[in-house]
Amino acid sequence: MTKPRKHIVYLAVPYSHPNPKWRELRVLAADLAAAALMQAGFVVFSPISHSHPISLCLPAEVNNLEFWQEQDFPLLGQADIMVILALPGMIESNGVSTEEIWCVTHNIPYTYITLEEVYYEEFDYIQKAIEDWPKA
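Residues 1 to 136 in the UniProt record's numbering are what the sequence shown lists, from first letter to last.
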């Protein structure tokens with residue numbers, strides 16, 4: 001008997017900020033949320049967790065939104081849902097807003113999660129969002 005397929009979550013998190021300490025805090029928040037979602041049984045791709053250390057090795061001229069979209073959008077296309085971690089700066093985030101638009105144009109469900117929900121591991125609504133999303 002085969003195990004049921006686990007849902008793939010793409011975890012979107014605001015990242016850019018002029019203060020590097022804020023970027024580090026956002027990476028930590030992304031890591032905590034990704035770990036909690038993984039423990040809850042989801043397969044998680046967290047672009048911030050994956051890409052932050054790599055970004056430190058890239059020259060500034062290629063380390064931009066367009067470069068990271070080329071890396072991330074193919075993986076977002078494989079996700080069952082995008083979960084947006086609601087952090088300060090989320091509304092202003094060009095990255096999160098372009099990921100949200102990409103989901104709308106490619107009919108990928110998305111929802112939001114707070115750090116409080118991560119802390120209390122309240123994830124039941126993610127499954128419901130996947131099931132209730134209108135199919136193309």
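Backbone N, C-alpha and C define an ideal beta-carbon position, used for all residues, glycine too.
- Which word fits L56, buried or exposed, when buried means at least 16 other C-beta atoms lie within 10 angstroms of its C-beta? exposed
- Task: Per DSSP, which residues does F45 bridge with? Please list them.
- Result: Y10
- Beta-bridge pairing of M82 - partner residues as DSSP gives them: Y10 and Y110
- How about V9 and A79: do their beta carbons lie closer than 8 Å? yes
- Task: Give a yes or no on whether the C-beta atoms belonging to W110 and M90 are separated by under 8 Å.
- Result: The question names Trp, but residue 110 in the sequence shown is Tyr. Cβ distance not < 8 Å, so Y110 and M90 don't count as in contact.
- Task: Return the first residue and the last residue of the alpha helix (DSSP H) that R26 is part of.
- Result: P20 to Q39
- Item | Reduced DSSP category for K128 - H, G, I as helix; E, B as strand; rest coil | helix
- Task: Could you check what DSSP says for H17 in three-state terms: helix, strand or coil?
- Result: coil
- Message: Could you compute how far the alpha carbon of F67 sits from the alpha carbon of E61?
- Response: 10 Å
- Item | Own chain, CB closer than 8 Å to S93, minus 5 neighbours either side, in chain order | P14, Y15 and S16
- Message: Three or more C-beta pairs under 8 Å: does that hold for the segment 117-134 against the segment 30-42?
- Response: yes
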